[in-house]
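Residue numbers (the working numbering): 11 to 132.
Just so you know, even glycine gets a beta-carbon here, dropped at the ideal spot from N, CA and C.
Reading through the structure tokens given below for one structure.
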Amino acid sequence: LECGVGGSFTTSCECSCVQGTQFRDEAGCSFFDHDTQSWRCWDSAIVAVRSSPPDSSGFHAPIFDPVTQQRRTRAYAVQNPVSWWVPALSRITIEEVHAPGEWQVRGLRVRQRLFVVSISFG
């Protein structure tokens, strides 16, 4: 990203979100690769959304999508639980940036860069 802490940008497309249970080890956030039938680490930075309640300026949390969750098979939902999303044209503001190894999730010191952001849409 070209903007630092306090900078913001607008998304051009819908963005999906995964929950923190996808952190299997300190390598970072993982996904199940159906082609190789194995878990792989995303080759990217991690983005954590700092949610807050809606107010007069809009909504400030990812949207839960129960229809998408119900469409998935039980095995796929366990392996890749993407059931939240942020709509296109959402305003993203960077609140914090942490270097690899300088932050933790579920007791793991993750070796991927972390951006903590807030969102606004609607």
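From residue i to residue j, what distance separates their C-alpha atoms?
i	j	result
R34	A58	17 Å
T46	S130	37 Å
E112	F125	12 Å
S66	S93	26 Å
What residues in its chain sit with their C-beta under 7 Å from that of residue i, if we drop five residues either side in the sequence?
i	result
L118	F33, D35, E36
I2	Residue coverage of the chain in this structure runs from 11 to 132, which leaves residue 2 outside it and unanswerable.
P64	H70
Using alpha carbons as the reference points, say which of the options lies closest to residue i.
i	options	result
W95	W52, P110, S61, R121	S61
F74	H108, H44, C27, W52	C27
C51	C23, S130, R121	R121
Helix, strand or coil for residue i per DSSP?
i	result
Q47	coil
Q122	coil
W113	coil
Counting only the same chain and skipping the five closest in sequence on each side, list residues whose C-beta sits under 6 Å from that of residue i.
i	result
G132	G68, F69
H44	none
T83	Confidence at T83 is low in this model, with a pLDDT of 46, below 50, so its placement is unreliable and the value that follows should be read with caution. Excluding residues within five positions, none has a Cβ falling inside 6 Å.
Q80	With a pLDDT of 49 at Q80, under the threshold of 50, the modelled position of this residue cannot be trusted; read the value that follows with caution. Same-chain partners within the cutoff: there are none.
Answer yes or no: do residue i and residue j have a C-beta to C-beta separation smaller than 7 Å?
i	j	result
G5	I104	The structure shown has nothing for residue 5, since the chain only spans 11 to 132.
T21	S128	no
A98	E24	yes
Sorted by chain position, which residues of the same chain lie with C-beta nearer than 8 Å to residue i's C-beta, five sequence neighbours on each side aside?
i	result
V15	I104, E105, E106, V107
C13	F19, I104
R123	A55, I56, V107, H108, A109, P110
S40	Q32, F33, R34, W49, R50, C51, W52
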